[in-house]
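Peer 1: Under my numbering, the first residue of the sequence shown is numbered 137, with each subsequent residue one higher. The beta-carbon is built from N, C-alpha and C at its ideal position, and this holds for glycine as well. As the structure is a prediction and not an experimental result, all values here were calculated from the model.
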Amino acid sequence: QVHVEESGGGSVQPGGSLKLSCEGSGRIFGLGAMGWYRQAPGKERELVALIFSSLSSPKYGDFVRGRFTISRGSTENTMYLQMNSLKPEDTAVYYCYFRTLSNFDYWGQGIQVTVSS
137 QVHVEESGGG SVQPGGSLKL SCEGSGRIFG LGAMGWYRQA PGKERELVAL IFSSLSSPKY
197 GDFVRGRFTI SRGSTENTMY LQMNSLKPED TAVYYCYFRT LSNFDYWGQG IQVTVSS
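#1: Three or more C-beta pairs under 8 Å: does that hold for the segment 184-191 against the segment 141-155?
#2: Let me know the secondary structure DSSP gives Glu212 once reduced to three states.
#3: Return yes when the Cβ of Phe199 is within less than 9 Å of the Cβ of Glu180, no when it is not.
#4: Rounded to the nearest angstrom, what separates Pro194 and Leu222 at their Cα positions?
#5: DSSP three-state label for Asp241, please.
#6: Suppose the cutoff is 7 Å on Cβ atoms and the five residues either side in sequence are ignored; what does the same chain contact list for Ala228 look like?
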């Protein structure tokens, strides 16, 4: 049984920073990729950042524009999302996920990020 959990969300003023963490407990066989998506009210879920087990360069959503950095943790199923220069339009529920090589996804419950003055 795999359980995925995000942490580190909250409220921040525009221009501020947050660091999200994600941990997947349990063994994920054949991990292919891990990453973050987000969903704002009334909008579709969109890719924020993605890294691959092949160690190729991370992939980011177009809106990131150098503001966010995805990184691996010290354990196999841990990752982080450092978010800088946050904007009100970054307000959303952020989800982390792990994808196996057979394209099976494990999702977290999501965590709220609110950017507001």
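Peer 2: Once the coordinates are examined:
#1: Here the segment 184-191 does not lie against the segment 141-155, with fewer than 3 beta-carbon pairs under 8 Å apart.
#2: Coil, per DSSP.
#3: For Glu180 and Phe199, no; Cβs fall outside 9 Å.
#4: In a straight line, the C-alpha of Pro194 is about 20 Å away from that of Leu222.
#5: Residue state, collapsed to three classes: strand.
#6: Closer than 7 Å at Cβ, skipping near neighbours: Arg174, Gln175, Ala176, Val249.
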